[in-house]
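Peer 1: 10 is the number of the first residue of the first sequence in my numbering; add one for each residue after it.
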Amino acid sequence: MIQIYNTFTKNKEEFRPINPPNVNMYVCGPTVYDFFHIGNSRTFIMTDIIRRYLEFAGYKVKYVMNITDVDDKIIGKSIEEKKSFKDVGVKYANYFLEDIKKLKIKEADVYPRPTEHMDSIINLIKELESKGFAYNVKGNVFYNVLKFKGYGKLSGKIIEDLESGARIEINEEKKNPLDFSLWKKAKDGEPYWESPWGKGRPGWHVECSAMSCLHLGNTFDIHAGGNDLIFPHHENEIAQSEAANGQHFVNYWMHFGFLNINNEKMSKSLGNFFTARDILKKYSAEAIRLFFSQAHYAGPLNFSEDLLFGAQKGLEKLNNLKRKIENELDSGTIDGVIPKLDFDKFKTAFSEAMDDNFNSPQAVAVIFDFIRDVNKLISETTKINSSFYTSVKNFLEITAGNVLGIIDFTKNKENDMATKEKELIELLIKLRQEAKAKKNYTLSDKIRDELKELGIVLEDTKDKTVYNIIN
RNA sequence: GGCGCUGUGGCCAAGUGGUUUAAGGCGAAGCUCUGCAAAAGCUUUAUUCGUCGGUUCGAAUCCGACCGGCGCCUCCA
Numbered sequence: 010m011i012q013i014y015n016t017f018t019k020n021k022e023e024f025r026p027i028n029p030p031n032v033n034m035y036v037c038g039p040t041v042y043d044f045f046h047i048g049n050s051r052t053f054i055m056t057d058i059i060r061r062y063l064e065f066a067g068y069k070v071k072y073v074m075n076i077t078d079v080d081d082k083i084i085g086k087s088i089e090e091k092k093s094f095k096d097v098g099v100k101y102a103n104y105f106l107e108d109i110k111k112l113k114i115k116e117a118d119v120y121p122r123p124t125e126h127m128d129s130i131i132n133l134i135k136e137l138e139s140k141g142f143a144y145n146v147k148g149n150v151f152y153n154v155l156k157f158k159g160y161g162k163l164s165g166k167i168i169e170d171l172e173s174g175a176r177i178e179i180n181e182e183k184k185n186p187l188d189f190s191l192w193k194k195a196k197d198g199e200p201y202w203e204s205p206w207g208k209g210r211p212g213w214h215v216e217c218s219a220m221s222c223l224h225l226g227n228t229f230d231i232h233a234g235g236n237d238l239i240f241p242h243h244e245n246e247i248a249q250s251e252a253a254n255g256q257h258f259v260n261y262w263m264h265f266g267f268l269n270i271n272n273e274k275m276s277k278s279l280g281n282f283f284t285a286r287d288i289l290k291k292y293s294a295e296a297i298r299l300f301f302s303q304a305h306y307a308g309p310l311n312f313s314e315d316l317l318f319g320a321q322k323g324l325e326k327l328n329n330l331k332r333k334i335e336n337e338l339d340s341g342t343i344d345g346v347i348p349k350l351d352f353d354k355f356k357t358a359f360s361e362a363m364d365d366n367f368n369s370p371q372a373v374a375v376i377f378d379f380i381r382d383v384n385k386l387i388s389e390t391t392k393i394n395s396s397f398y399t400s401v402k403n404f405l406e407i408t409a410g411n412v413l414g415i416i417d418f419t420k421n422k423e424n425d426m427a428t429k430e431k432e433l434i435e436l437l438i439k440l441r442q443e444a445k446a447k448k449n450y451t452l453s454d455k456i457r458d459e460l461k462e463l464g465i466v467l468e469d470t471k472d473k474t475v476y477n478i479i480n
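(1) Closest by CA to N145, which one among G464, K194, Y120, I167?
(2) Within a Cβ cutoff of 8 angstroms, which residues of the same chain sit near L238, ignoring the five residues on either side of it in sequence?
(3) Let me know the beta strand (DSSP E) ranges lying completely inside the stretch 37–74, each 3 residues or longer, listed in chain order.
(4) Within 10 angstroms of the Cβ of K71, are there 16 or more other Cβ atoms? Answer buried if so, exposed if not.
(5) For the alpha helix (DSSP H) containing I364, list its first residue and its last residue.
(6) Leaving out five residues before and five after S129 in sequence, what residues of the same chain have Cβ atoms less than 6 angstroms from its Cβ?
(7) Helix, strand or coil: which one does DSSP assign to A143?
(8) From M363 to I59, what does the alpha carbon distance come to, in whole angstroms?
(9) Closest to W262 by CA distance: which of G234, K274, I109 is it?
(10) Quick one: which unbroken beta strand (DSSP E) runs of 3-plus residues sit fully inside the stretch 189–252? Chain order, please.
(11) For K455, which of helix, strand or coil comes out of DSSP?
(12) Excluding sequence positions up to five away, which residues of its chain have a Cβ less than 8 angstroms from the Cβ of L330?
(13) How would you call T56, buried or exposed, if buried means at least 16 neighbouring beta carbons within 10 angstroms?
(14) Around the Cβ of G345, are there at least 16 other Cβ atoms within 10 angstroms (buried) or fewer (exposed)?
(15) By DSSP, does K277 sit in helix, in strand, or in coil?
(16) On a Cα-Cα basis, can you pick out the residue from P348, D170, I134 that is closest to E251?
(17) In whole angstroms, give me the CA-to-CA distance for F189 and A296.
(18) What whole-angstrom Cβ distance do G148 and G207 have, given they're in contact under 8 angstroms?
(19) Which residue or residues does DSSP assign as beta-bridge partners of F151?
(20) Quick one, which of L310, I270, L324 has its alpha-carbon nearest S293's?
(21) Relative to the C-alpha of G341, which candidate in T399, L191, V215, Y201 has its C-alpha closest?
(22) Would you kindly report the start and end of the unbroken beta strand (DSSP E) that includes L463?
(23) Would you mind giving the Cβ-Cβ distance between F94 and I84, rounded to the nearest angstrom? I have them listed as a contact below 8 angstroms.
(24) Per the DSSP calculation, N272 is bridged to which residue(s)?
(25) Mind checking whether H232 and V215 have CB atoms under 8 angstroms apart?
(26) Use the C-beta contact count for E459: other C-beta atoms within 10 angstroms, 16 or more gives buried, fewer gives exposed.
(27) What is the residue span of the alpha helix (DSSP H) that T284 lies within?
(28) For G226, collect the residues of the same chain with a Cβ closer than 7 angstroms to its Cβ; drop the 5 residues on either side in sequence, then sort them by chain order.
(29) Verify whether the separation of the beta carbon atoms of Y62 and P26 is less than 8 angstroms.
(30) If you run the structure through DSSP and keep just helix, strand and coil, what is F94?
(31) Helix, strand or coil: which one does DSSP assign to F318?
(32) Determine the DSSP secondary structure at D469, reduced to helix, strand or coil.
(33) Who are the Cβ neighbours of F301 in its own chain at under 7 angstroms, not counting the five residues just before and after it?
(34) Applying the criterion that 16 or more other CB atoms from any shown protein chain within 10 Å of the CB defines a buried residue, is E246 buried or exposed?
(35) With DSSP as the reference, identify every bridge partner of I131, one or two as the case may be.
(36) Do you know whose CA, among A253, W213, Q256, S221, lies nearest F240's CA?
Structure below.
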């Protein structure tokens, strides 16, 4: 039984999808005016892990992530880059898709974009207007928050308190300072679409209401995003969707903690960010994913290169075992003893951890416990039946591989190297062994050291020398 | 001011009433194995969970007070 912490009820609840085994899930994606930073990728990676775990648990997930391609920042960028806003959106959306692929994030079923859903958006606003939740002031359409009696129910905010907060922009056109834009009238030179209210473009929140309901239904299972979206974005989505459709919007709201730098939120405006693209030049997707997996998704997490480096070191332990398994399996079927290992115990522990509100740090701990036990058995056992390695591989493949995405069995030296290269390495290993047999350690060490500089690491085991390719 | 999150070993981080005198990762020290390495294993590294009180047979876990850090309330994952 999976339990999910629901922001809406502030409680951990049993997960009951509306239509099992189907699960409909919507995640707020990027606004494509720039590269996204490593803090943004925390949400993308953790929702990916949640999606993968739901699939592991037998659910059939329909996963929708919007790509916002109409927005003030995009317009700003288009002026800066002297390009059309459309080109800017396409350019950064493509970078986004490239980068999340590099982060080993599974593709969404749909990446809806407002520019492709203008009819749905306009219809939603029309519906709100006809039901009296929206009003038009000279081509600007606003949502009237006082009309929606549940306003504030997600974020726990009270309209009166918000008003007294006095940090809300003053806009004379609004009836209430908290009212927000559904449709923005186009200024000269700005991109626009024709609508019943004249030329303009949609406000930010309305696209998510329109596109999520279109692709997932008026009521769907999971809606996720960063903590900063709780208010006003998700609050407004609820107000729009429920007012327009007259139906409950979302069953489980999930929100993610920020990635901090020196205990401060990483953000574009503070300038304390690293793009995911740059981090990926130095660290593998697996290392980044392990780093995020080692902290619970809901809490804050500090980022530094040292911490990421630590995760990468931890990954080596996993990868060393992976190489060991591959080397053993490559050398053909071997008879021998099958060490006793309670695989089911580990599988259960892994599932229990993830069932409990996706406790990935606990799940990672289970995997490391497993690795330790396996390594211990390997070092204690003289001749191991290859079926044992197959079982180990299977366990790692489904947990660390399919769910967490911190190991990739499809990526190995076999794929990366030509036959001739392999033969050359084998030849050097043979020469080194001959040197060793003659106790010519100067030469044997020279071979090993120089290969290491090329990224080929030799390791002497009991009966043979194996090589591993680093990077 | 309102709402929410958070304070656990050198660092990161699970655990939220007894099976925990606290998991896992990084780092550090020693040992085993090795020609030397590497990898791996073993041992050591928090009688203690921000502080002070309280509840309880029993608390890191519940309650209260206090101290500290962060976020949202304005675009933001």
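For each residue, glycine too, the CB sits at the ideal point set by N, CA and C.
Peer 2: So, from the data block:
(1) Of the candidates G464, K194, Y120, I167, the residue whose Cα lies closest to the Cα of N145 is K194.
(2) Residues of the same chain with a CB within less than 8 angstroms of the CB of L238, apart from the 5 flanking positions on each side, are C37, H264 in chain order.
(3) Correct list: 69–74.
(4) Counting the other CB atoms within 10 Å of its CB gives K71 a total of 16 or more, which places it among the buried residues.
(5) According to the sequence as given, residue 364 is Asp; it is not Ile. Counting along the chain, the alpha helix (DSSP H) containing D364 begins and ends at 352–364.
(6) Counting only Cβ-Cβ distances below 6 angstroms, and skipping sequence neighbours, we find A219, L223.
(7) In the structure shown, A143 sits in a strand (DSSP, three-state: E or B).
(8) Taken atom to atom, the span from the alpha-carbon of M363 to that of I59 is near 9 angstroms.
(9) Of G234, K274, I109, the residue nearest in Cα terms is G234.
(10) Counting only runs of at least 3 residues, the stretch 189–252 fully encloses the following beta strand (DSSP E) elements, listed from N- to C-terminal order: 189–194, 209–211, 229–235.
(11) In the structure shown, K455 adopts helical secondary structure according to DSSP, grouped into three states.
(12) Correct list, in chain order: I380, V383, N384, V401, L405.
(13) Residue burial annotation: T56 is buried, with at least 16 other C-beta atoms found within 10 angstroms of its C-beta.
(14) G345 is exposed by the Cβ-count criterion.
(15) In the three-state reduction of the DSSP assignment, K277 falls in the coil class, being assigned neither a helical nor a strand state.
(16) The candidate whose alpha carbon is nearest that of E251 is I134.
(17) Per the coordinates, the alpha-carbon of F189 lies some 41 angstroms from the alpha-carbon of A296.
(18) Yes, they are in contact, since the Cβ atoms of G148 and G207 sit about 4 angstroms apart, within 8 angstroms.
(19) By DSSP's assignment, F151 forms a beta bridge with Y144, S190.
(20) That would be L324, whose Cα lies nearest to the Cα of S293.
(21) Checking every option, the nearest Cα to that of G341 belongs to T399.
(22) Note, L463: premise wrong, no beta strand (DSSP E); not H, not E.
(23) Contact holds; Cβ gap of about 5 angstroms.
(24) The partner list for N272 (beta bridge, DSSP) is empty, contrary to what the question assumes.
(25) No, Cβ-Cβ distance for H232 and V215 is not below 8 angstroms.
(26) Result: exposed.
(27) Per DSSP, T284 belongs to no alpha helix (DSSP H) and is neither H nor E.
(28) Only N33 meet the Cβ criterion.
(29) Annotated as distal: Y62 and P26, with beta-carbon spacing of 8 angstroms or more.
(30) Taken through DSSP and simplified to helix, strand or coil, F94 comes out as helix.
(31) Here DSSP, grouped into helix, strand and coil, assigns F318 to helix.
(32) Annotated three-state conformation of D469 is strand, per DSSP.
(33) Sequence-distant partners of F301 (beyond 5 residues in either direction) whose C-beta falls short of 7 angstroms from its own C-beta, in its chain, are R51, I54, M55.
(34) Result: buried.
(35) As DSSP reads the structure, I131 sits in no beta bridge.
(36) Among A253, W213, Q256, S221, the Cα nearest to that of F240 is on W213.
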